[in-house]
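Residue numbers (the numbering used here): 1381 to 1612. Cβ atoms here follow ideal geometry from the backbone N, Cα and C, with glycine treated the same way.
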């Protein structure tokens, strides 16, 4: 398993920033996703919410909450919390990465049934998580045709995610017109593999800001488009 590559020289994670994305399912407006970054000394804290809106909310209610904490210098995730409300499915989970002990510990509770479970897994000395990895990738050089790997903590295993840097494209969202680099994350196992085909469009500049994300699933395509970026 490759080591998590250090951020490129001169790159800085946001001190304080909020990114808001409109979410579409197929051609229908489906909800909003809001991500917030805060520097906390040597650590970076990333929180995210995803909520359905309008008619989609009546068909299938989603109210997900995520929190991640990682080392600003190396990028190593220390904790990843998730509160999932998706229809009748309601689950709270905390994934702690204990690098000293060389293991991850997942505590999960089903809020509907009350069932609890704990899973432990051996880990290497530095990993990112599923949410942070999307934004941690911005710290890496991106050249078309040159891929890079990220070791990602999945509850059952450590997964190698390959970020395939595919092409440059001009992209228009509500936030403006952007010159972007399209990247496709792929993996042989874990959640990334199970999410179908995924693409992320990063700005073609020093920031590598994700301005669009798309997942093509068997039941339809979900697209996240940036509508605002505040507080950089």
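message: Which residues does DSSP list as the beta-bridge partners of residue 1472?
response: DSSP output for residue 1472 lists 1463, 1489 as bridge partner(s).
field: Three-state secondary structure (DSSP) of residue 1480
entry: coil
- prompt: How big is the Cα-Cα spacing for residue 1451 and residue 1595?
  reply: In this structure, the CA atom of residue 1451 is about 28 angstroms from the CA atom of residue 1595.
- request: On the DSSP bridge assignment, give the partners of residue 1522 in chain order.
  value: Residue 1522 pairs with nothing; no bridge assigned.
task: List the DSSP bridge partners of residue 1553.
output: 1556
field: Neighbourhood of residue 1588 by C-beta distance below 7 angstroms, restricted to the same chain and skipping five residues each side
entry: 1518, 1522, 1582
For residue 1417 and residue 1454, the rounded distance between their alpha carbons: Between the alpha carbons of residue 1454 and residue 1417 lies a gap of roughly 17 angstroms.
field: Which of helix, strand or coil DSSP assigns to residue 1446
entry: In the structure shown, residue 1446 sits in a strand (DSSP, three-state: E or B).
message: So, for residue 1445: in the same chain, excluding its five sequence neighbours on each side, which residues have a beta-carbon less than 6 angstroms away from its beta-carbon?
response: Within the same chain, residue 1445 has close Cβ partners 1429, 1463.
- prompt: Measuring CA to CA, which of 1392, 1577, 1557 is closest to residue 1608?
  reply: When only C-alpha atoms are compared, the closest one is 1557.
task: Could you tell me whether the Cβ atoms of residue 1507 and residue 1456 are closer together than 8 angstroms?
output: yes
query: Which of the three DSSP states, helix, strand or coil, is assigned to residue 1536?
result: coil
field: C-beta contact flag for residue 1491 and residue 1535 at 8 angstroms
entry: Contact: no.
Backbone CA spacing between residue 1529 and residue 1426 [nearest angstrom]: 21 angstroms
message: Could you compute how far the alpha carbon of residue 1515 sits from the alpha carbon of residue 1590?
response: Each residue's Cα considered, the two are about 7 angstroms apart.
message: Considering just the uninterrupted stretch of the beta strand (DSSP E) at residue 1411, what are its terminal residues?
response: 1408-1420
query: Across which residues does DSSP place residue 1607 in a beta bridge pair?
result: Bridge partners of residue 1607: none, in fact.
message: Under 8 angstroms, with one C-beta from each stretch per pair, do the stretch 1498-1506 and the stretch 1535-1547 reach the 3-pair mark?
response: These segments touch.
- request: Buried or exposed for residue 1520, please, with buried defined as at least 16 other CB atoms from any protein chain shown within 10 angstroms of its CB.
  value: buried
message: What does the Cβ neighbour count give for residue 1513, buried or exposed, with the cut at 16 atoms within 10 Å?
response: buried
message: Out of 1525, 1390, 1553, 1395, which one is the CA nearest neighbour of residue 1606?
response: 1553
task: Out of 1412, 1493, 1546, point me to the one whose CA is closest to residue 1564's CA.
output: 1546
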